[in-house]
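Each remark here refers to the structure printed beneath this line.
There are 2 protein chains.
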Amino acid sequence: MKKIINDPENVVEESLRGMAMAHADLLEVHLDPHYIVRAGGPDEGKVAVVSGGGAGHEPLHGGFVGYGMLHAACPGAVFTSPTPDQVEAATKAVDGGAGVLHIVKNYTGDVLNFETAAELAAAEGSQVEAVVINDDVAVKDSLYTAGRRGVGGTVLAEKIVGAAAERGDDLASVTSLCERVNANVRSMGLALTSCTVPHAGKPTFELGEDEVEVGIGIHGEPGRERLPIEPADALVDRLLNPVLEDLPFESGSQVLLFVNGMGGTPLIELYLAYARAEEVLRERGISVQRRLVGNYITSLEMQGMSVTLLRLDDEMTELWDAPVHTPALRWGR
Amino acid sequence: MKKIINDPENVVEESLRGMAMAHADLLEVHLDPHYIVRAGGPDEGKVAVVSGGGAGHEPLHGGFVGYGMLHAACPGAVFTSPTPDQVEAATKAVDGGAGVLHIVKNYTGDVLNFETAAELAAAEGSQVEAVVINDDVAVKDSLYTAGRRGVGGTVLAEKIVGAAAERGDDLASVTSLCERVNANVRSMGLALTSCTVPHAGKPTFELGEDEVEVGIGIHGEPGRERLPIEPADALVDRLLNPVLEDLPFESGSQVLLFVNGMGGTPLIELYLAYARAEEVLRERGISVQRRLVGNYITSLEMQGMSVTLLRLDDEMTELWDAPVHTPALRWGR
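So this is what it looks like as structure tokens:
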């Protein structure tokens, strides 16, 4: 295992210390327990949006804390759910009196620990709702999941829902918007290489020199099938077709197209894949209204990509465009 | 070789098509010859800033075209200098009558081809100046270079100088500012893995399972030494110490600290390295005023990082903070 780390057991904490230094204007990073909140304290009278999950998917979620997006993020150990006390502490820290929405990726441990945290926070007087994101069409159930996994759609949900909270929508509206985003978003990913969890010290799975894993999960969970490598256009089609058929996305749909890197894939390849994806959509009469290309929900140094499609309505588009100021997404201010 | 590509000979063109689709609001991408300019035509009366170099370092340079930064970028083939006709076409396309500054990384082919292009453009009436960036302290001469290589300092120069052009500084001022940035910036990088140039099909160099190449160039050129892997803190020190000693940066200096990923290194590791770098600077009484962490000048899928330090003055800081709107750097609008 070659990584830029010190002690494999301290990777998350040491990385959080770097985030705290690099973004002191935006973030407060707490280390006991681990959680990241916006600098400047709770937003009185506004709904607070909190997310979290295992570390190793950076910039998700900590890189999305800031104006117009998350109020707090709780990173667990690498690929490990945050504990209820982390989520509870973050929830209490950002509750400005108008309630808190938990955005949870659908993994059994995350769902359970966010539920426990919500109960604890409710017992102390916070009003908490939760939406579970489950946009991955690759598999019905998986290694860590009852039902579909939550993947790239989470990034889009956090941006859109964060903007609604920022403009002052109440908890019921913010929650229902998050459910609407989840109902209209679908994703699928593939891997060219495995990742290596620092404290495991060896690759999570083995993949042959010429193989790709199609339908991979963001922790290296098995996907749909293992195939010989193909040209990029064919790989994009293998992701995009199941995504398109699932909702389904149809001629006339207006969408946000998100091509995401798994962490080890360079931008030159992601843009190349993006071109194919947008071309296929154009051929099908689907109108790409908004775009995102880059490494936003990753699996450590895994090489690979995922494609996420969100069917937009006018409100979602307006909220996507609204100003955001976080370490990883920033526009309009 | 496993990559998300189609024909290895068409990687740059297909990737540029993706950039064009993904950023149609910001960029115009020309494919014959290859160059990228801001959408909306030349900025009449303002100095235009043009850069370029081999592809494979994305987002550099195309991802830095837009308001407040570059007016044009010329990507060559992967790790191959752009041809004079590309640079000439880009120069003519963005010349708004107040002259054009070429920001050139110090590689023999780049310097030569930018010079030829400048002569051609001058013969057609453009006033062209050039500044060669040579911030890499690792080696005196290298495989593709007489003198030091141009690396991470280029990103900072393009941002700061682009902001000066945007506010209306004349060509002499913009050129002299660029020289001042170059005189005050130093960098050094390391690699944990090689990269693979698509049309070569095999890794550029071999590195043992437990080795790092310290002082690596952004094309995989040999560095200073090959060492067994060490903890991140020691690796950061191996980059930072030569950088600090070279200028030298001293107690009381105000700096911008830039920790850059080589393309295949995840953000969780870059932040961890960032923490060590800022700590060392604090211990030495050097004041970190501005920060940048992420993959901005890459070597395809290479795993590794570089550290860049820029000694700031008030004008540079103000220009760094000025609004920018490009695919890869955006703030203030």
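Chains as they are written, first to last, in my numbering: chain A, 5 to 337; chain B, 5 to 337.
Note that the Cβ used here is the ideal one computed from N, Cα and C, for glycine as well.
All values derive from a computational prediction rather than experimental measurement.
Query                                                                                                                                 : Result
Three-state secondary structure assigned by DSSP to serine 310(A)                                                                     : strand
Aspartate 140(B) classed as buried or exposed, judged by whether at least 16 other C-beta atoms fall within 10 angstroms              : buried
Neighbour list for arginine 295(A) in chain B, Cβ cutoff strictly below 7 Å                                                           : Ala26
Cβ contact (3+ pairs, closer than 8 Å) linking the stretch 118 to 137 of chain B and the stretch 99 to 110 of chain B                 : yes
Alpha carbon of serine 180(B) to alpha carbon of threonine 321(B), nearest angstrom                                                   : 16 Å
Cβ separation of proline 331(B) and glycine 157(B), assumed to be a contact under 8 Å, to the nearest whole Å                         : The pair is not a contact, with the Cβ atoms about 20 Å apart (cut-off 8 Å).
Element boundaries [beta strand (DSSP E), containing glycine 166(A)]                                                                  : Segment 157 to 170 is the alpha helix (DSSP H) holding glycine 166(A); no beta strand (DSSP E) there.
Buried/exposed call for aspartate 114(B), threshold 16 Cβ in 10 Å                                                                     : buried
8 Å Cβ cutoff, tyrosine 300(A) in contact with chain B                                                                                : no
Through-space distance from valine 328(A) to leucine 271(A), alpha-carbon basis                                                       : 22 Å
Close beta carbons around asparagine 110(A), own chain, < 7 Å, minus the five adjacent residues each side                             : Val136, Ile137, Asn138, Thr149, Gly151, Arg152, Arg153, Gly154
For valine 178(A) and alanine 168(A), believed in contact at Cβ under 8 Å, the rounded distance                                       : 5 Å
Member of Val189(B), Glu305(B), Lys163(B), Ala161(B) whose CA lies at the smallest distance from the CA of valine 201(B)              : Glu305(B)
Rounded distance between the beta-carbons of glycine 268(A) and glycine 307(A), thought under 8 Å                                     : According to the sequence shown, residue 307(A) is glutamine rather than glycine. Confirmed, about 4 Å.
Option nearest glycine 49(B) by Cα separation, candidates Gly172(B), Ala77(B), Asp36(B)                                               : Gly172(B)
As assigned by DSSP and simplified to three states, the class of lysine 96(B)                                                         : helix
Nearest-angstrom Cα separation, counted from isoleucine 233(B) out to proline 12(B)                                                   : 32 Å
Cutoff 8 Å: glycine 268(A) Cβ touching any chain B Cβ                                                                                 : yes
Within-8 Å CB hit, arginine 21(B) to chain A                                                                                          : yes
Chain-order list of residues whose beta-carbon lies under 7 Å from that of glycine 289(B) (same chain, five-residue window excluded)  : Ser255, Gly256
Contacting positions in the stretch 307 to 330 of chain A - beta carbon closer than 7 Å to chain B                                    : Gln307, Met309
Alpha-carbon spacing of valine 291(B) relative to leucine 285(B), whole angstroms                                                     : For the record, residue 291(B) in the displayed sequence is serine; it is not valine. Near 7 Å, if we compare the C-alpha coordinates of leucine 285(B) and serine 291(B).
Validate contact between the stretch 206 to 220 of chain A and the stretch 231 to 245 of chain A using beta carbons, cut 8 Å, 3 pairs : yes
Any chain B beta carbon closer than 8 Å to aspartate 214(A)                                                                           : yes
Three CB pairs or more closer than 8 Å across the stretch 31 to 46 of chain B and the stretch 292 to 304 of chain A                   : no
Contact list for aspartate 36(B) against chain A, beta-carbon separation under 7 Å                                                    : Result: empty, since nearest Cβ-Cβ is about 17 Å, beyond 7 Å.
Inter-residue CB distance, arginine 294(A) and tyrosine 71(A) (contact presumed, cutoff 8 Å)                                          : That belief does not hold up - the Cβ atoms of arginine 294(A) and tyrosine 71(A) are roughly 19 Å apart, past 8 Å.
Nearest neighbour of aspartate 145(A), chosen from Arg228(A), His75(A), Ala176(A) [CA to CA]                                          : Arg228(A)
Contacts of arginine 156(B) in chain A (Cβ-Cβ under 9 Å)                                                                              : The amino acid occupying residue 156(B) in the given sequence is glycine; arginine does not appear at that position. Within 9 Å Cβ-Cβ: nothing; glycine 156(B) doesn't reach chain A, min ~16 Å.
Limits of the unbroken beta strand (DSSP E) element including asparagine 264(B)                                                       : 258 to 265
Residue-level contact to chain A via CB, asparagine 10(B), 8 Å cutoff                                                                 : yes
Separation of valine 54(A) from tyrosine 275(A), as counted between CA atoms                                                          : 31 Å
Residues bridged to histidine 75(A) [DSSP beta-bridge criterion]                                                                      : Answer is none; histidine 75(A) lacks a bridge partner.
N-terminal and C-terminal residue of the beta strand (DSSP E) that serine 55(B) is part of                                            : 52 to 59
Cβ of arginine 334(A) within 8 Å of any chain B Cβ                                                                                    : yes
Local conformation of methionine 192(A) per DSSP, three classes                                                                       : strand
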